[in-house]
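Reading the sequence shown from the start, the letters are residues -19 to -1, 1 to 231 in mature numbering (1 follows the signal peptide of the UniProt record, and there is no 0).
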Amino acid sequence: MNPHLLTTVGVLLALLATACGGGQDAPAAADAPIADGNDPSRPADSHTDSHDAPEAEEPETEEPETEEPEPAYTPPETVSLEGNGDAVEEVELHEDPRIATMTHDGSANFIVHGVNSSGEEDQFLANEIGSYEGTVLYNGHVGDEMAAVQVEADGAWTVELRPLTDARVWEGDEVSGTGHDVLLFAEESAGLQTVAATHAGEGNFAVWAYGEDSDLLVNEIGSYDGEVLMPTDTAVIAVEADGEWSMALD
């Protein structure tokens, strides 16, 4: 439940308790003392004896619940894996978005899957031929999880599972790179914002933007030079490329 809502309810309950308590503490008219019946000449007291009247009770008020502070973020530790050839490496189950930085020194297929707790290969981390070096995002969608890493390779390889906060930060108007990469978008993305993107490669060039939702901004084969809209609230950008690429805010 929203902690702000809890605070609001607490204040309303306190006000309600105060209002009800004030109405119950006032003495009723029938409780006022009357003249002594044995002495009709004695006038009735015009005031209330302080010893006879009930003492007013202070209304009980409820303390509003204090908002619990958000727990401080503690980045997970980097998990370093390495091997030669095919392997399956179990890791501690996690669902939070992270990045995987991978290398391969071989000439044939290099395929890396993220495996969930049911033993299903539900995330593609790499699908390359020959030598490879790059960084990709994983656990980027609701329901994603990783319990193991499955590697198919014909040479030496490394896989580092790192916190998302280790990703490169896009600061300023322009950013560039080579191959797969993940960027933290430091600029404010709101309203009409466009991005000019280029790619000088022969393979697939794809750009994903992640915020409240995920959007595929570019998905082309080979060289590319174009302009696309940057979605509002973009926080993370994932680039898939096999050559040099660049992006610039317009």
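The C-beta atom is built at its ideal place from N, Cα and C for all residues, glycine as well.
- A contact is defined here as three or more CB-CB pairs under 8 Å, and the region 191 to 208 fails this definition with respect to the region 145 to 152.
- Around the beta-carbon of V69, fewer than 16 other beta-carbon atoms lie within 10 Å, marking it exposed.
- About 4 Å separates the beta carbons of E221 and A187, which is inside the 8 Å limit, making them a contact pair.
- In this chain, the beta strand (DSSP E) harbouring T139 covers A137 to P144.
- Only residues of its own chain outside the window of five on either side were considered, and among them L210 have a CB closer than 8 Å to the CB of L173, listed in chain order.
- Per the C-alpha coordinates, the member of E43, L106 and L74 positioned closest to F91 is L106.
- Less than 8 Å divides the Cβ of Q131 from the Cβ of E102.
- Between T55 and R143, the C-beta gap is not smaller than 8 Å, which leaves the two residues out of contact.
- In this structure A137 does not touch D67 by the C-beta definition: roughly 12 Å separates them, more than the 8 Å allowed.
- For the 8 Å CB-CB criterion, D214 and V176 do not form a contact.
- Listed in chain order, the non-local C-beta contacts of D77 below 8 Å within the same chain comprise P57, N120 and L145, local neighbours out to five positions each way being set aside.
- Of G111, G224 and A229, the smallest CA-CA separation from D162 is found for G224.
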